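Everything in the sequence shown is counted per the working numbering, starting at 21 for the first residue and increasing by one. The beta carbon of each residue, even a glycine, is placed where N, CA and C say it ideally should be. Computed from a predicted structure; not experimentally measured.
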Amino acid sequence: MPTSCRNLMLFSALGAAMLCPVTACSADRSDGKQPVRAAHPTTSRSATAATPSSTQPPVQPPELNAGETPAGRQKATTGNAEIGFARGKKGDALVVAVRCQGAGTVKVAVRPVHVSFPLECRADKVSTVYNQFAVSGVNRDGTVSVEAPPAVRWSLTVGRGAPAEEESPTG
């Protein structure tokens, strides 16, 4: 399993105000379970891995962390798409992980929680962002809308799991 460093950012319950960035390293993995729940603190982490330009494998959907259960998945895609996800249990967070490669910016919007974020993609690297949302309404069913230029290949995984513990801004 490859290990990647990720930037963690905590967000307020409103889902948009950044409280603090932190760096952490973790191994990518998947548990293959079904969706379950939704919760309170919100985190985001990004990873970028070099991919040789002569051997560009398909952009595989991101893996979830241990204890998180899949709620939706989109295999390698170009252009725009909408991915639905089912209702979850109260108390868990919603996870949206996006991976891309190609020059351009992918714009992601999550409804019904009214959260959105961009992911800057590069032609020579595979970029991944992992966001966990723990705001009001994440236990409802909804959709993730992705807008991407034709030159960008992207994939997405939606999951549910226990909310990450909020870290103090003072470290």
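Close-in-space but distant-in-sequence residues of the same chain around residue i (CB under 6 Å, 5 per side omitted)
i      : result
Lys127 : Pro138 and Glu167
Thr98  : Pro170 and Arg173
Glu185 : none
Ser165 : Glu102 and Ala129
Whole-angstrom C-beta distance between residue j and residue i, which should lie under 8 Å
i      : j      : result
Phe105 : Gly87  : 18 Å between Cβ atoms; not a contact.
Gly157 : Val178 : So it is not a contact: roughly 15 Å between Cβ atoms.
8 Å CB neighbourhood of residue i in its chain, flanking five on each side removed
i      : result
Ser136 : Lys127, Val128, Ala129 and Val130
Val79  : Ala96, Arg119, Cys120, Gln121, Val146, Arg173, Trp174 and Ser175
Other residues of its chain near residue i: CB distance less than 7 Å, five sequence neighbours each side excluded
i     : result
Gln94 : Pro81, Ala101, Ile103, Ser175 and Leu176
Cβ pair residue i, residue j closer than 8 Å
i      : j      : result
Cys141 : Gly124 : yes
Val115 : Gly181 : yes
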